[in-house]
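First the structure, in the form of structure tokens, and then the observations on it.
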Amino acid sequence: MKKVLAVLLALAMVFVLVACGGGETPAGGETESGAEGGVIKIAVAGPMTGDNAEYGIGFANAAKLVAEQVNAEGGVKVGDATYTVEIVEFDDKNESDEALTIAEQIVSTPDIYGVIGHFSSGVCMAAAPTYQDAQYINISPTSSHADYSSIGDYIFRNNTVITVETRTGAEIAINDLKGTSIGVLSIDTEWGQSAGNAMEENVKDLGGNLAIRQEVAATQTDFATEIANFRAQNVDVILVAGMYETLAPFALACDSSDYDVKLVGCSNAYTTSLIDIAGEAAEGIYAPVAFFAGNPDPDVQAYVKAYTDKYGAAPSALTTQAYDSTYILIEAIERAGSLDREAIKDAMFETNFDGMSGPTTFDEIGDAMKVFTKIMVKDGEFVVAEF
Amino acid sequence: MKEKKSLNLLAPFESFVDKFKVPLSILVGAFLIAVPFLGASRVAMRNLVMIFLYAMLGMGLNVLLGYVGQVSLGHAGFYAIGAYTSAILTTTYGWSFWTGAIAGACVAALIGFLLGLPTLRLSGTYLTIVTLGFGEIVLMVLRQWESVTNGNYGIRSIPVPELFGWELTLSNGGFYWLILFLSTVTAIACYTIKNSNAGRTLIAIKEDELAATMMGIKTTRYKILAFVVSAFITGLAGAYYSVINNGYIEPNNFVFNYSIQILSVVIVGGMGTIRGMYFGSALLMMFPQVFRFLNQWRFVIYGLLLVLMMQFRPQGALGWQSTLPYKLPRRAKKALAEREKAKTVQ
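This is the structure in structure tokens:
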């Protein structure tokens, strides 16, 4: 019995600790200055430590850049008042346990008006219902779970949706490259399968001639059988639903077996690793991308320069989606004309934002609809595609 | 020198607690039950829920690690089995949380039994490696068996528990009371086991397996028993976890890290003790929260704390030996009294 007692005593002490800790945690270390009424806080939640820290830190960097730019231009105008933007960072270690605790902290902070984040799909899925219940707008720049945006009307996704992305890929194959016999190569992961299915549907939908679909293991590097099968069907354009780890060796294999075929990847093909591995064989690989750092558009170039000057490295596509998400939220607050959460949410659905990751609108459940840029590899570099 | 000093403090503390155990337990119990009415914030409630959950997980592993001395690195596997079984039964088959949770715990116990049969003949590091593999296999099955587990997409919309039409949530204190209840029941069960014949047998195996065998103890049988009890508690905790995670679970919630986290609770708190599980859990759960302002540095300090702990207090924070005189079981007392009586009569 005495042990149980000792336990209970220890617990009582612990509770005192928790109550104090819980009450005063400012979480993020930013100063509390809500009293002036002149600050709008935006939370950035993502992995700031651990394996995926680069993504979370990228989110935070992008959001801070937006806050700096908006504040430099005079802040956010809501009705007659002007507010400055403040970014509050939260580290979720990419774990849902941690994310739920953070979500409780965020929804207990009244002057936070939106949350940019959570990085991986599972963590987003776990935390989103808390934001939905508390009516806090949550925009994930990365979540790819099919059901994410339908959790509620306060939950938005500013990431590419695979059906829209592969639609652009199919357009390249059929309209731009005039493929007469189209093949699909997909990897056997959950992502590869859904991307491959979306490609098949889009090709059929656009009236293309879908000849054959081949599935390979994500780690496979020998494609002799697949190439023979594609060749037998006279395939002249292949849509590849794979990461660069599949696309690059496949391009090499086609090249070494003198198979003259055009390859169209997904947005994840836009990485220098593709060119590093495939070398010459990467020439003429096409891909649809939402964000393209080499985009000659002056706005994109100004953004890439501002980001690179501040943080010493060019922004990635996901970081850029976080950057756009922050702007989308601020614009929605301005358009709503008040700090009423419901009004801001309604304004979010009317978003028509010409962002760095492409023009963006939201559909009825809150999934971003983006216009993709078509790019290709030319002379060892990614450039805007020419046909 | 230092040890002596702490012992001197310990003895009066223990006898004080022992003397006033009834009023103290009523006081602390009433306080813990009243917490949601005392204006605790949702953040504090969430933290408390996680502390009690990990205390329960700690007690589950403690049966194995603290009593029989077998290290398991695969308890996240049992945690996952409990969570997934309960989640699938409540979402697909419309079971209530209560039956689902018990089924989850039973399935975990069954798997624990099946796993225990061939592997508990191994000991020490070999067993540890097998449990490590077990955790990974469970994870692979969760990811690949899509028709049942929905693969990497996870299971969503797991209903919250209902008690006579009252829905338990975090904000109405339901989650807190539920885990308070579950962990208290677990603590009582562990206390009972530890002080039973079976418990003493388990500890005998831990202290010297060869000697225990020579005394006629069927060590494998008792090790399997401990394995099953441990898996049952962990599975029950898993079922509870499936509802507090906003009704969504996925394989990533049960990766190797969580096995280590449970193990850390047991080791930091004090192997073989029950009080230590609560303390270890509170320490490990609250440290990263309280020191959030240190940003990246908090895990460096956290790691340092664990290293220092193992260096200077390997028995765990509350892993002290009791200074009170050993309490004889009632039967032994009775027998002694009779012998005394017989002596005086002579």
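Protein sequence lines correspond, in order, to chains A and B. Residue numbers for the first sequence, in this note's numbering: 59 to 445. Residue numbers for the second sequence, in this note's numbering: 70 to 415. Every residue, glycine too, gets a C-beta built ideally from N, C-alpha and C.
Rounded to whole angstroms, what's the CA-CA distance from Leu243 (chain A) to Gly254 (chain A)? Just pull it up for me. So the two alpha carbons sit approximately 7 Å from each other.
With DSSP as the reference, label Gly137 (chain A) as helix, strand or coil. Of the three classes helix, strand and coil, the one that applies to Gly137 (chain A) here is coil, per DSSP.
Give me the Cα-Cα distance between Phe356 (chain B) and Ser201 (chain A), rounded to the nearest whole angstrom. Roughly 29 Å between the two C-alpha positions.
Looking at the unbroken beta strand (DSSP E) that takes in Lys412 (chain B), where does it start and where does it end? Premise fails: Lys412 (chain B) lies in the alpha helix (DSSP H), Arg399 to Val414, not in any beta strand (DSSP E).
With three or more beta-carbon pairs closer than 8 Å as the criterion, would you say the stretch 88-108 of chain B touches the stretch 298-308 of chain B? No, the stretch 88-108 of chain B is not in contact with the stretch 298-308 of chain B.
Determine whether the Cβ of Asp205 (chain A) lies closer than 8 Å to any Cβ atom of chain B. Closer than 8 Å to some Cβ of chain B, the Cβ of Asp205 (chain A) qualifies, so yes.
Is the stretch 374-391 of chain A touching the stretch 213-223 of chain A, taking contact as three or more C-beta pairs under 8 Å? Under the 8 Å Cβ criterion, the stretch 374-391 of chain A counts as touching the stretch 213-223 of chain A, having at least three qualifying pairs.
Go ahead and label Met434 (chain A) buried or exposed: buried means 16 or more other beta carbons lie within 10 angstroms of its beta carbon, across all protein chains shown. Answer is buried; the Cβ neighbour count reaches 16.
CB Val146 (chain A) to CB Ile170 (chain A), shorter than 8 Å? When the beta-carbon positions are compared, Val146 (chain A) and Ile170 (chain A) come within less than 8 Å of each other.
Under a Cβ-count criterion, where at least 16 other Cβ atoms within 10 Å of its own Cβ denotes burial, should Val124 (chain A) be classed as buried or exposed? Val124 (chain A) should be labelled buried.
Which of helix, strand or coil DSSP assigns to Lys99 (chain A): In the three-state DSSP reduction, Lys99 (chain A) falls in the strand class (E or B).
At least 3 beta-carbon pairs within less than 8 Å: the stretch 167-174 of chain B vs the stretch 320-334 of chain B: Taking one beta carbon from each stretch, the stretch 167-174 of chain B and the stretch 320-334 of chain B have fewer than 3 pairs nearer than 8 Å; the two do not touch.
4 or more residues per run - each alpha helix (DSSP H) lying fully within the stretch 212-240 of chain B: Within the stretch 212-240 of chain B, the complete alpha helix (DSSP H) runs of at least 4 residues are 215-218.
Alpha-carbon spacing of Pro84 (chain A) relative to Ala101 (chain A), whole angstroms: Note that Pro84 (chain A) has pLDDT 39, beneath the 50 cutoff, so the model's placement of it is unreliable and no number is given.
So which residues of chain A does Ser265 (chain B) contact, with C-beta pairs closer than 8 Å? Under the 8 Å cutoff, chain A gives no residues; its nearest Cβ is about 14 Å from Ser265 (chain B).
Could you give the DSSP three-state label for Asn264 (chain B): helix, strand or coil? DSSP places Asn264 (chain B) in coil when its eight states are reduced to three.
Whole-angstrom C-beta distance between Pro199 (chain A) and Ser325 (chain A), which should lie under 8 Å: That pair is no contact at about 14 Å.
Just list the residues that DSSP pairs Asp149 (chain A) with in beta bridges. A:Gly104.
Distance, Ser192 (chain B) Cα to Gly285 (chain B) Cα: Here the alpha carbons of Ser192 (chain B) and Gly285 (chain B) stand approximately 19 Å from one another.
Flag Ala516 (chain A) as yes if its beta-carbon sits less than 8 Å from any beta-carbon of chain B, otherwise no. The displayed coordinates of chain A run from 59 to 445. Any statement about residue 516 (chain A) would go beyond what the structure contains.
Indicate whether at least one CB of chain A lies closer than 8 Å to the CB of Phe368 (chain B). Yes, contact with chain A.
Is it right to say Val74 (chain A) is buried, meaning 16 or more other beta carbons lie within 10 angstroms of its own, or is it exposed? The pLDDT assigned to Val74 (chain A) is 45, lower than 50, so where the model puts this residue is not dependable; a value taken from the coordinates is nonetheless given after this. By the 10 Å Cβ count, Val74 (chain A) comes out exposed.
Could you tell me which chain A residues have their CB closer than 8 Å to the CB of Gly316 (chain B), listed as they occur along the chain? Neighbours of Gly316 (chain B) on chain A, chain order: Pro187.
Quick one: list the residues of chain A neighbouring Gln384 (chain B), beta-carbon separation under 9 Å, in chain order. Within chain A, no C-beta atom comes nearer than 9 Å to that of Gln384 (chain B); the closest sits roughly 15 Å away.
What does Leu245 (chain B) reach in chain A if we use C-beta pairs closer than 9 Å? The residue asked about is misnamed: residue 245 (chain B) is Tyr in this sequence, not Leu. Here the premise fails: no neighbours, minimum Cβ distance about 11 Å.
From Leu393 (chain B) to Val132 (chain B), what distance separates their C-alpha atoms? Approximately 23 Å between the Cα atoms of the pair.
Should Glu408 (chain A) be labelled buried (16 or more other beta-carbon atoms within 10 Å of its own) or exposed? Burial check for Glu408 (chain A): the Cβ neighbour count within 10 Å stays below 16, so the residue is exposed.
Name the DSSP beta bridge partners of Thr418 (chain A), please? Paired residues: A:Phe411 and A:Lys428.
Could you tell me the distance, in whole angstroms, from the CA atom of Gly316 (chain B) to the CA atom of Glu162 (chain A)? Going by the C-alpha atoms only, they are around 15 Å apart.
So, Leu268 (chain B) versus Met340 (chain B), is the Cβ gap smaller than 8 Å? In the sequence as displayed, the identity of residue 268 (chain B) is Gly instead of Leu. No, Cβ-Cβ distance for Gly268 (chain B) and Met340 (chain B) is not below 8 Å.
Nearest to Ser396 (chain A) by CA position, among A:Val97, A:Lys135 and A:Phe288, is which residue? Residue A:Lys135 is the option with its Cα nearest to Ser396 (chain A).
Pull up the distance between the alpha-carbon of Val418 (chain A) and that of Ile386 (chain A), whole angstroms please. It is Thr, not Val, that sits at residue 418 (chain A) in the sequence shown. Cα-Cα distance, rounded: 9 Å.
Identify whether Gly241 (chain A) lies in helix, strand or coil by the three-state DSSP scheme. It is a strand residue.
Kindly say whether Thr159 (chain A), judged by its beta-carbon, lies nearer than 8 Å to any beta-carbon of chain B. So yes, Thr159 (chain A) belongs to the interface.
Segment contact flag, the stretch 271-288 of chain B with the stretch 193-206 of chain B, C-beta cutoff 8 Å, min 3 pairs: Contact annotation: the stretch 271-288 of chain B does not touch the stretch 193-206 of chain B, with fewer than three C-beta pairs closer than 8 Å.
Name, please, each residue of chain B whose Cβ falls closer than 7 Å to the Cβ of Ala275 (chain A). Near Ala275 (chain A) there are no residues of chain B at all, since even the closest Cβ is about 13 Å away, more than 7 Å.
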